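Inspection log for the structure reproduced underneath, given as C-alpha cells.
Here it is as C-alpha cells:
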C-alpha cells in the first residue's frame, strides 16, 4: 500500500503539469462562480414544495431554463466567433448575476418562465466562449487536461454550492438562495476582470488555420456546424445521454423527497459527486487521454450513466448508502464523457467556427435540460417517477448507439472533401 503512494503522487503531478497560467486563472474564476450554483439544484423542489406549482408546471419552468440555454449556447458561440471569447464571458457573468436575484422576486407563472429563460440565455452564453478560450490558451497535447481542469473547478465550486444551498434554505428560506447565486456571479466577474484583462481572446480568430497545421492535416471545410453530419450526430447522441444524466436536476430530487429523503440529503449527494470529481477527475482524464481513443472513453462514460440510472429506483428504495454508490457510478460516467466531447469537437472544428461548433455541443446540454423535465414530469404525473426514470434512461441507451457512428461519419466526410 505504502509503495503505491509515490506513484499516485507522481500521477497527480503529471495530470496537472503543462497547463498554461491563463487556464489556471480561468479555472479560479469558475470556482468562485460555481460555488454559488444553488438555484439550479433546488429549482424544481422550490417550485413544487415552496411555490405550490404542480409537477407539470415545474416541468415547463425548467423547460424554459433549457430553451434559454439552447439559445444562449448557440448564439453565444456565434458571437464568440465575431467578437471574441473575453467580451462574451464578462457580459454573461454580469447580467446573469442580476437575473438570478430577480428570479426570487417573481411568483407569477408566465413572468417566471420568461425570467428563467433570460437568465439561462445569458448564463449559458458563457459556456462556448469559455471552451473556445481554453482551446486558444491550451496547447493541443494538453487540451483534454485543460477541459478537465475547468470541470474540476466547476465541480469544486459545485461541491460547496448545493450543501450551502441546503443550509441557506433551512436557515433563511429560499429567497436567500437567489441572492447568494447572483452575488457569486458578480464576484466571479470582478475576479475575471482583475485576473484576465482583455487579451487575444478579446478578438475573433482568423478564418484560416496556421500554415503549419494545414501541412499536417487536410483543411476541413468551414461549413456551418448544423451542416456537418458528424457534429449533428454528436449533438444528438450527447443530448440523449445527457437527458439521462440531467434527471438529477429535475425528477430525481422530487422522487427522492417523495421517498422520505430531505433536501439536505439530496444536497449531500451532489456534494459527494463534486468531491469525487475533485479527487479523481484529473488523473483519470490524464490516463484515459493517453491510453484510449476519445470515442471509446465517451462510450464508457455514457454506459456508466445509463446503467446507473436504471439502478436508481431500486437504490432509492433500498436506502441512502446505495444512493451514494449510485451517485459514484454516474459521477465516473460524467468524468469519462464530458471532458472528451469538448476536446473531440474543438480538435475537429475549423478555427474560425470553433465557437459555433462548441456552442452547438453546449446547446445539446441545454436541449436535454428542456426535454428532460418536460418529458420526465409528464411521465411521472401519469405513470410514476420510477417509470419516468426508466423511460428516459432508455433514451440514453439510444444516444450511446448513435455515438458509435460519430467517428465513421467524420472520416467519411474527410474522404469526401479529399477527392474534391
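In my numbering, the protein residues as written are 13 to 432.
We treat Cβ as the ideally placed atom computed from N, Cα and C, and that holds for glycine.
Note that the structure is a prediction, hence the values are computed from the model and not measured.
| query | result |
| --- | --- |
| Range covered by the alpha helix (DSSP H) that runs through residue 92 | 67 to 95 |
| Residue burial classification, residue 30 (beta-carbon count within 10 angstroms, cutoff 16) | exposed |
| Residues near residue 143 by beta carbon distance below 6 Å, same chain, minus five either side | 354 and 370 |
| Residue 229 versus residue 345 - alpha carbon distance | Per-residue confidence for residue 229 stands at a pLDDT of 45, beneath the threshold of 50, marking its modelled position as unreliable; the derived number appears in the next sentence. If you take the alpha carbons of residue 229 and residue 345, they lie about 32 Å apart. |
| Identity of the residue in 91, 27 and 132 nearest residue 77 by Cα | 132 |
| Neighbourhood of residue 41 by C-beta distance below 6 Å, restricted to the same chain and skipping five residues each side | 200, 203 and 204 |
| Cα-Cα separation, residue 123 to residue 400 | 28 Å |
| Cβ contact check for the stretch 244 to 254 and the stretch 394 to 410: 3 or more pairs under 8 Å | yes |
| Limits of the alpha helix (DSSP H) - the one that residue 385 falls within | 366 to 395 |
| Residues near residue 134 in its chain [Cβ-Cβ closer than 7 Å; skip 5 each side] | 84, 104, 107, 108 and 111 |
| Pairwise C-alpha distance: residue 285 and residue 334 | 14 Å |
| Assigned secondary structure, residue 271 (DSSP; H/G/I helix, E/B strand, else coil) | coil |
| N-terminal and C-terminal residue of the alpha helix (DSSP H) that residue 361 is part of | Segment: none, residue 361 is in no alpha helix (DSSP H) and carries neither H nor E. |
| Collapsed DSSP secondary structure at residue 157 in the structure displayed | helix |
| Delimiting residues of the alpha helix (DSSP H) encompassing residue 60 | Here residue 60 belongs to no alpha helix (DSSP H), and DSSP marks it neither H nor E. |
| Sequence-distant residues of its chain with Cβ nearer than 6 Å to residue 224 (five each side left out) | With a pLDDT of 38 at residue 224, under the threshold of 50, the modelled position of that residue is not reliable, and no figure is offered here. |
| CB of residue 397 within 9 Å of CB of residue 139, strictly | no |
| Reduced DSSP secondary structure (H/G/I, E/B, other) of residue 32 | coil |
| Residue 149 classed as buried or exposed, judged by whether at least 16 other C-beta atoms fall within 10 angstroms | buried |
| Nearest-angstrom Cα separation, counted from residue 68 out to residue 390 | 6 Å |
| Alpha carbon of residue 402 to alpha carbon of residue 322, nearest angstrom | 6 Å |
| Rounded C-alpha distance that separates residue 145 from residue 260 | 29 Å |
| Cβ shell of residue 414 (< 8 Å), same chain only, five flanking positions each side left out | 245, 248, 249 and 252 |
| Candidates 209, 36, 71 and 19: closest to residue 157 by CA position | 36 |
| Cutoff 6 Å; reference residue 80; Cβ partners in own chain excluding five residues on either side | 129, 132 and 133 |
| Whole-Å CB distance - residue 181 paired with residue 189, under 8 Å assumed | 6 Å |
| Rounded separation between residue 73 and residue 197 - CA only | 22 Å |
| Rounded C-alpha distance that separates residue 151 from residue 358 | 12 Å |
| Validate contact between the stretch 303 to 319 and the stretch 280 to 295 using beta carbons, cut 8 Å, 3 pairs | no |
| Whole alpha helix (DSSP H) elements within the stretch 254 to 332, 4-residue minimum | 263 to 270, 275 to 303 and 306 to 330 |
| Cα-Cα separation, residue 100 to residue 272 | 43 Å |
| DSSP three-state assignment for residue 235, whether helix, strand or coil | coil |
| CA nearest to the CA of residue 178, picked from 91, 118, 57 and 326 | 57 |
| Proximal residues to residue 222 (C-beta, below 6 Å), its chain only, five neighbours per side dropped | Its pLDDT being 41, under 50, residue 222 is placed unreliably in this model, and the coordinates cannot settle the point. |
| Spatial distance of residue 349 from residue 312 (CA atoms) | 8 Å |
| Cβ neighbour criterion (16 or more within 10 Å) applied to residue 363 | buried |
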